[in-house]
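Residue numbers (the UniProt record's numbering): 1 to 402. Remarks on the structure that follows.
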Amino acid sequence: MNLADMLSYADIVQLSRIASTYRCECNGHSKNELIQSILSTVNRRDVFETQIKSMQLEDLRFMNSLLFDLRDTFSLEELLARAEQSKFGAEEDKQEVPDTARISEPSQAKKSSKRTKTQKPAPPAESGPRATISRFKQYGWLFNGISGPNRYLFQVPHDLKRRFKEAMERKFVSQLTFVYDEPQAYRDEQQLLGEDVKELLTFIHHNEIQLTSDGAMYKRSVLQIMDRLAVKEQLPGKGEWRFGYGRRMKDYPNRMSLIYDYGYYNGWIAEGESELTLTPAGLERQASGAPEGTDKLYRFWLRLYKNAMPNLRSLVYWTDKLSEQWVTAESLKYALVPYIRPFYYDSSETLFEQRIVGMMLHLGLIRIGEHAQFGKVIRATPLGRAVVAGLNLEDEDAIVLD
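Pasting the structure below:
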């Protein structure tokens with residue numbers, strides 16, 4: 001439902017709170033006047049933009065997480081968990097006091113000096129996840145369900161979702177540095193990952209591959225496979241911290257581990273006690289000789305990396321949307337890193353550079369170039385624009401490979 005529909009179902013108490021938040025001047029006893037006044041105020045672009053600019057970073061993160069969830073309703077527990085997850089880097093999240101608040105400080109101080117000693121100071125403003133949800137309800141951005149079991153579920157108006165996306169895009173664009181000429185060189189890996197799925201299966205089919213006691217291939221086999229793949233990678237360093245991005249991330253390079261885990265997840269690869277082989281389904285898949293589709297690999301990647309980055313889908317959307325033309329990697333990182341929660345020893349910057357941009361390059365979703373003046377630049381590929389825009393994923397569970 002859109003905002004107008006949800007307002008019509010809201011009770012007069014909630015409407016009065018929303019109208020008070022937007023300082024609407026109307027008859028507070030008339031539900032119709034409250035609705036019309038709220039709609040006319042919220043639909044003004046200057047009012048909406050002001051609200052966005054005044055939001056704290058943790059609130060923007062919270063809203064961003066709701067924009068890319070295809071479900072229409074959320075339980076209170078889900079919203080509380082999301083609001084809690086939106087709090088990280090607390091010291092960096094603190095914003096300066098708006099100018100309007102600074103102007104009012106002297107008069108407020110003057111008033112407070114006239115208070116008698118018997119007066120108690122005002123209680124501190126409510127904070128925490130529940131306060132976040134309360135604020136969003138007062139802004140008319142979250143509504144309780146209408147009746148029945150849905151009474152305890154919350155919804156975001158569909159038209160406000162669209163306007164939030166547009167407002168956040170304008171906010172991000174204002175932080176970016178675009179490049180209007182072609183870089184001197186760029187990497188483009190469109191379709192290569194799908195071809196290498198076929199190459200891995202073919203190598204396993206034609207070779208006897210011995211496994212270590214924990215089920216990993218020996219270094220010699222890994223090097224032989226990488227010689228056949230279109231993109232060369234370095235082996236993981238000894239003692240390097242690697243987990244959270246797939247079953248074999250600890251054993252193989254990033255791109256190769258994604259290919260291997262993809263084959264294992266689809267039931268094409270069998271890890272015996274001492275040897276790696278193809279299953280009957282794997283033999284059938286290998287015999288077909290066709291490369292794997294980018295959309296299937298993309299879907300798998302989103303679900304596999306969802307454990308470490310629950311909001312990966314939104315980050316991919318923004319990376320794709322903001323790189324319709326060449327944009328500097330540094331400015332894109334500056335805009336999106338505040339929305340990336342660190343994962344153990346992986347900083348937000350590492351997640352952006354290696355887990356998002358690096359893997360989007362391998363998937364063929366973006367190009368990465370080197371510009372003589374601006375350094376590293378990024379641009380979405382035609383294939384990437386089609387895959388990201390055309391994929392209509394349900395809210396699938398993250399993949400955990402044992």
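For every residue, glycine included, the Cβ atom is placed at its ideal position computed from N, Cα and C. In this text the structure is predicted, and so the values were computed from the model without any measurement.
- For Ser75, does the three-state DSSP call read helix, strand or coil? Secondary structure at Ser75: strand, using DSSP grouped into helix, strand and coil.
- Message: For Leu304 and Phe143, I'd like the C-alpha separation in whole angstroms.
- Response: Computed Cα separation, rounded: 32 angstroms.
- Query: Whose C-beta lies closer than 6 angstroms to the C-beta of Leu351 among residues of the same chain, with five residues either side of it excluded?
  - Reply: Ile340, listed in sequence order.
- Task: Tell whether a beta-carbon distance below 7 angstroms holds between Val357 and Gly369.
- Result: When the beta-carbon positions are compared, Val357 and Gly369 stay at least 7 angstroms from each other.
- Message: Restricting to runs no shorter than 4 residues, where is the alpha helix (DSSP H) found entirely within the region 160-245?
- Response: Whole alpha helix (DSSP H) segments, 4+ residues: 192-206, 219-228.
- Message: Between the alpha carbons of Ser65 and Val222, how many angstroms are there, rounded?
- Response: In a straight line, the C-alpha of Ser65 is about 38 angstroms away from that of Val222.
- Query: Going straight from the alpha carbon of Asp11 to that of Gly28, what length do you get?
  - Reply: If I take the Cα positions, the gap works out to 12 angstroms.
- Message: If I measure Cβ to Cβ from residue 446 and keep anything under 7 angstroms in the same chain, skipping five residues before and after, which residues do I get?
- Response: No information on residue 446 is available, as it lies outside the stretch 1 to 402 that the chain covers here.
- Message: If I follow the unbroken beta strand (DSSP E) through Gly369, where does it start and stop?
- Response: Taken as a continuous stretch (DSSP letters only), the beta strand (DSSP E) holding Gly369 covers 366-371.
- Item | Test item: CB-CB of Trp326 and Val179 under 7 angstroms | Cβ distance < 7 angstroms, so Trp326 and Val179 count as in contact.
- Task: Measure the CB-CB distance between Ser257 and Gly267 and report whether it falls below 7 angstroms.
- Result: Contact: no.
- Per DSSP, what kind of secondary structure is Glu84 in: helix, strand or coil? Of the three classes helix, strand and coil, the one that applies to Glu84 here is helix, per DSSP.
- Message: Pop quiz: Gln190 and Gly364 are said to be a contact at Cβ under 8 angstroms. What is the actual Cβ separation, rounded to whole angstroms?
- Response: About 4 angstroms separates the Cβ atoms of Gln190 and Gly364, confirming a contact at the 8 angstroms cut-off.
- Count the other C-beta atoms from every protein chain shown that fall within 10 angstroms of the C-beta of Ser86, then say buried if there are 16 or more, exposed otherwise. Counting the other CB atoms within 10 Å of its CB gives Ser86 a total of 16 or more, which places it among the buried residues.
- Message: Could you give the first and the last residue of the continuous beta strand (DSSP E) run that contains Val377?
- Response: Segment 375-380, the beta strand (DSSP E) holding Val377.
- Task: Identify which residue in Pro183, Ile35, Tyr139 has its Cα closest to the Cα of Gln373.
- Result: Looking from the CA of Gln373, the closest CA among Pro183, Ile35, Tyr139 belongs to Pro183.
- Does DSSP put Thr279 in a helix, in a strand, or in coil? Correct three-state label for Thr279: coil.
- State yes or no: is the C-beta of Ile366 within less than 7 angstroms of the C-beta of Ala380? Using a Cβ distance threshold of 7 angstroms, Ile366 and Ala380 count as a contacting pair.
- How far does the alpha helix (DSSP H) with Ile18 in it reach, from first residue to last? In this chain, the alpha helix (DSSP H) harbouring Ile18 covers 12-21.
- Item | Asp5 classed as buried or exposed, judged by whether at least 16 other C-beta atoms fall within 10 angstroms | Within a 10 Å sphere around the beta-carbon of Asp5 sit fewer than 16 other beta-carbons, which makes this residue exposed.
- List the endpoints of the continuous beta strand (DSSP E) containing Gln155. 153-155 is the span of the beta strand (DSSP E), which, as asked, contains Gln155.
- Message: Quick check: what's the CA-CA separation for Pro310 versus Phe68?
- Response: Between Pro310 and Phe68, the C-alpha separation is close to 11 angstroms.
- Query: Among all the DSSP beta bridges, which residues are the ones paired with Ala270?
  - Reply: DSSP lists Thr277 as partners of Ala270.
- Query: Is Phe154 near Phe74, with beta carbons less than 7 angstroms apart?
  - Reply: Their beta carbons are under 7 angstroms apart, which means Phe154 touches Phe74 by this criterion.
- Message: Going by DSSP, what residue range makes up the alpha helix (DSSP H) through Ile38?
- Response: Counting along the chain, the alpha helix (DSSP H) containing Ile38 begins and ends at 31-42.
- Query: Can you name the start and end residues of the alpha helix (DSSP H) that Asp5 belongs to?
  - Reply: According to the DSSP assignment, Asp5 belongs to the alpha helix (DSSP H) that extends over 3-9.
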